[in-house]
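2 protein chains.
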Amino acid sequence: MQHDDFDLQDFLPYLLNQAAEASSLEFQQVYKDRYGMLRTEWRVLFHLGIYGRMSAKEIGQRSKMHKTKISRAVQKLAERRFLTRTTDDQDRRLEWLELTTQGGKAYRDLRAIAMQYDAGLSQKLTDRENAVLRQALRKLAQQG
Amino acid sequence: MQHDDFDLQDFLPYLLNQAAEASSLEFQQVYKDRYGMLRTEWRVLFHLGIYGRMSAKEIGQRSKMHKTKISRAVQKLAERRFLTRTTDDQDRRLEWLELTTQGGKAYRDLRAIAMQYDAGLSQKLTDRENAVLRQALRKLAQQG
DNA sequence: GGTTGTTAGTTACAAAATCAACCATTAGCT
DNA sequence: AGCTAATGGTTGATTTTGTAACTAACAACC
Numbered sequence: 001m002q003h004d005d006f007d008l009q010d011f012l013p014y015l016l017n018q019a020a021e022a023s024s025l026e027f028q029q030v031y032k033d034r035y036g037m038l039r040t041e042w043r044v045l046f047h048l049g050i051y052g053r054m055s056a057k058e059i060g061q062r063s064k065m066h067k068t069k070i071s072r073a074v075q076k077l078a079e080r081r082f083l084t085r086t087t088d089d090q091d092r093r094l095e096w097l098e099l100t101t102q103g104g105k106a107y108r109d110l111r112a113i114a115m116q117y118d119a120g121l122s123q124k125l126t127d128r129e130n131a132v133l134r135q136a137l138r139k140l141a142q143q144g
Numbered sequence: 001m002q003h004d005d006f007d008l009q010d011f012l013p014y015l016l017n018q019a020a021e022a023s024s025l026e027f028q029q030v031y032k033d034r035y036g037m038l039r040t041e042w043r044v045l046f047h048l049g050i051y052g053r054m055s056a057k058e059i060g061q062r063s064k065m066h067k068t069k070i071s072r073a074v075q076k077l078a079e080r081r082f083l084t085r086t087t088d089d090q091d092r093r094l095e096w097l098e099l100t101t102q103g104g105k106a107y108r109d110l111r112a113i114a115m116q117y118d119a120g121l122s123q124k125l126t127d128r129e130n131a132v133l134r135q136a137l138r139k140l141a142q143q144g
């Protein structure tokens with residue numbers, strides 16, 4: 001049982017997780033300290049900021065977050081007046097979510113930081129690594 | 001605010017997380033359903049399986065898991081008789097962890113599945129992507 | 001030899017994620 | 001129309017994590 005040949009550092013699920021965790025640490029600090037947000041919350045914020053008005057369901061499809069997470073994130077963001085919810089006229093189960101002016105401001109602020117942060121991460125890698133990495137990650141991200 | 005240029009799918013912390021989550025889903029099913037283990041638990045199990053007897057502290061250093069997580073994982077694994085704990089003679093704060101026969105069996109079983117699973121993931125990528133990906137992830141994983 | 005500071009590991013409590021059951025509404029079928 | 005199933009979203013109970021405070025043992029210094 002001593003020092004066998006399996007290398008944990010080469011096992012993709014583990015390695016990916018290590019990289020994901022390490023590389024989101026600092027950004028987490030920002031949305032946490034600056035806006036008191038959770039990961040789920042900035043994600044919802046970003047979805048709305050990027051794609052504009054959408055429903056919780058759509059956010060779920062895109063982000064693969066579970067609907068309860070989204071539901072609670074939306075609640076918090078609504079409480080803080082970062083978004084508004086309007087029930088659809090045709091289908092009254094459906095709710096349209098949209099950033100408020102304040103929400104938009106928070107989004108743009110965080111987006112700027114995200115872009116800067118991402119640039120910093122990219123600097124750790126060569127151009128080729130960056131390109132191939134993102135390509136590969138996208139393949140892995142689509143489950144199946 | 002509609003459809004701005006920022007791409008969430010290109011933001012590394014997000015992309016990494018999506019890939020990590022997607023690519024660990026099936027393996028998670030295995031250690032969960034088959035051994036009722038948590039992520040922290042199989043990680044501890046693997047550390048001991050790979051490196052042999054070690055202390056909780058060492059596991060923490062290698063895995064970057066917080067010591068409370070490790071403490072709890074060790075407890076569970078000990079309850080299930082997957083490992084034994086022996087206090088060090090020199091330094092009685094220190095505890096040596098070691099897999100039992102049963103623990104070793106579980107480890108080898110899961111390791112086999114992990115290897116197979118990893119091979120499956122690798123198949124989604126070209127050889128070059130595989131090499132570059134792992135290289136890049138290792139760089140990102142070392143924080144700083 | 002006693003005081004202070006560290007270290008390995010645990011525990012208690014709060015925060016968050018998960019899972020299942022739950023409304024309310026709409027769709028589909030007969 | 002009336003019944004059943006499916007859908008969008010919420011809620012509550014349980015599990016898991018995170019944070020801080022805590023032991024117990026050791027180290028270092030005076």
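Heads up: the protein sequence lines correspond to chains Z and B, in order.
Heads up, the first sequence is in the UniProt record's numbering, so the first residue is 1 and it goes up one at a time.
Heads up, the second sequence is in the UniProt record's numbering, so the first residue is 1 and it goes up one at a time.
For glycine and all other residues, C-beta sits at the position ideal for the given N, C-alpha and C.
* **Within-8 Å CB hit, Pro13 of chain Z to chain B** => Yes, Pro13 of chain Z lies at the interface with chain B (some Cβ there is under 8 Å from its Cβ).
* **Whole beta strand (DSSP E) elements within the UniProt domain "HTH marR-type" (9-142) of chain B, 3-residue minimum** => Fully enclosed beta strand (DSSP E) runs of no fewer than 3 residues occupy 83-87, 95-99 of the UniProt domain "HTH marR-type" (9-142) of chain B, in order along the chain.
* Asked: If you draw a straight line from the C-alpha of Pro13 of chain B to the C-alpha of Leu133 of chain Z, how long is it?
  -> Taking the straight line from one Cα to the other gives about 12 Å.
* To do: Check each residue of the segment 30-63 of chain Z: if its Cβ is closer than 9 Å to any Cβ of chain B, include it; give the result in chain order.
  => Only those residues of the segment 30-63 of chain Z whose C-beta falls short of 9 Å from the nearest C-beta of chain B are listed: Arg39, Arg43, Phe46, His47, Leu48, Gly49, Ile50, Tyr51, Gly52, Arg53, Arg62, Ser63.
* Compute the distance between the beta-carbons of Gln143 of chain B and Leu25 of chain Z, then report whether it is under 8 Å. => Taking 8 Å as the Cβ cut-off, Gln143 of chain B and Leu25 of chain Z qualify as a contacting pair.
* Arg72 of chain Z: which of Z:Trp42, Z:Glu21, Z:Phe11 sits nearest, CA to CA? -> Minimum Cα-Cα distance from Arg72 of chain Z among the listed residues Z:Trp42, Z:Glu21, Z:Phe11 corresponds to Z:Trp42.
* Beta carbon proximity, Met1 of chain Z to chain B, threshold 8 Å -> Only weak support exists for where Met1 of chain Z lies, its pLDDT of 47 falling under 50; the value from the coordinates is given anyway. Yes, Met1 of chain Z counts as interfacial toward chain B.
* Asked: Using DSSP with H/G/I as helix, E/B as strand and the rest coil, what is Met1 of chain Z?
  -> With a pLDDT of only 47 at Met1 of chain Z, under 50, the local geometry of the prediction cannot be trusted, and the value read off the model is given with reservation. Correct three-state label for Met1 of chain Z: coil.
* Asked: Of the residues Z:Tyr51, Z:Ile70, Z:Arg93, Z:Lys105, which one's Cα is nearest the Cα of Arg81 of chain Z?
  -> If we check each option's Cα against that of Arg81 of chain Z, Z:Lys105 comes out closest.
* **Expected contact under 8 Å - CB spacing of Leu15 of chain B and Leu137 of chain Z to nearest Å** => Going by Cβ atoms, the distance from Leu15 of chain B to Leu137 of chain Z rounds to 5 Å, so yes, they are a contact pair.
* Determine whether the Cβ of Val132 of chain Z lies closer than 8 Å to any Cβ atom of chain B. => Yes, its Cβ sits closer than 8 Å to a Cβ of chain B.
* Asked: For the candidate residues Z:Ala22, Z:Gln9, Z:Phe46, whose alpha-carbon lies nearest to that of Ile113 of chain Z?
  -> Selected option, being the one with the closest Cα: Z:Phe46.
* Asked: Whose C-beta lies closer than 6 Å to the C-beta of Gly60 of chain B among residues of the same chain, with five residues either side of it excluded?
  -> Closer than 6 Å at Cβ, skipping near neighbours: Lys67, Ile70.
* To do: Give the single residue among Z:Ile50, Z:Glu79, Z:Gly49, Z:Ala119 whose Cα lies nearest to the Cα of Gly36 of chain Z.
  => The alpha carbon of Gly36 of chain Z has as its nearest neighbour, out of Z:Ile50, Z:Glu79, Z:Gly49, Z:Ala119, the alpha carbon of Z:Glu79.
* Under a Cβ-count criterion, where at least 16 other Cβ atoms within 10 Å of its own Cβ denotes burial, should Gln18 of chain Z be classed as buried or exposed? -> Gln18 of chain Z counts as buried, since at least 16 other C-beta atoms from the protein chains shown sit within 10 angstroms of its C-beta.
* Which word fits residue 145 of chain Z, buried or exposed, when buried means at least 16 other C-beta atoms lie within 10 angstroms of its C-beta? -> Shown here, chain Z extends from 1 to 144; a query on residue 145 of chain Z therefore has no answer.
* To do: Let me know if Leu140 of chain Z comes out buried or exposed under the rule of 16 or more other beta-carbons within 10 Å of its beta-carbon.
  => Counting every other CB atom within 10 Å of its CB across the protein chains shown gives Leu140 of chain Z a total of 16 or more, marking it as buried.
* Burial state of Gly49 of chain B, where buried means 16 or more other Cβ atoms lie within 10 Å -> Only buried fits Gly49 of chain B, as 16 or more other CB atoms lie within 10 angstroms of its CB.
* Asked: Ala20 of chain Z touches chain B at which residues, Cβ-Cβ below 8 Å?
  -> Ordered by position in chain B, the residues that pass the 8 Å Cβ test against Ala20 of chain Z are Pro13, Leu16, Asn17, Ala19, Ala20.
* Whole-angstrom Cβ separation of Gly103 of chain B and Leu77 of chain B, contact assumed at under 8 Å? -> Between Leu77 of chain B and Gly103 of chain B the Cβ distance is about 7 Å, and since that is below 8 Å, they are a contact.
* Asked: Closest Cβ-Cβ distance between Ala136 of chain Z and chain B: below 8 Å?
  -> At a cut-off of 8 Å, the C-beta of Ala136 of chain Z has a neighbouring C-beta in chain B.
* At a Cβ threshold of 8 Å, is Phe82 of chain Z touching chain B? -> By this cut-off, Phe82 of chain Z is not an interface position.
* Asked: Would you report the Cα separation of Tyr107 of chain B and Leu83 of chain Z, rounded to the nearest angstrom?
  -> Answer to the nearest angstrom: the Cα atoms are 48 Å apart.
* To do: Whole angstroms is fine: what's the gap from Gln29 of chain B's alpha carbon to Val74 of chain B's?
  => C-alpha separation (whole angstroms): 21 Å.
* To do: Can you have a look at Ala131 of chain Z and say buried or exposed, based on whether 16 or more other CB atoms are within 10 angstroms of its CB?
  => Around the beta carbon of Ala131 of chain Z, fewer than 16 other beta carbons lie within 10 angstroms, which makes this residue exposed.
* **Exposed unless 16 or more other CB atoms sit within 10 angstroms - verdict on Thr87 of chain Z** => Thr87 of chain Z should be labelled exposed.
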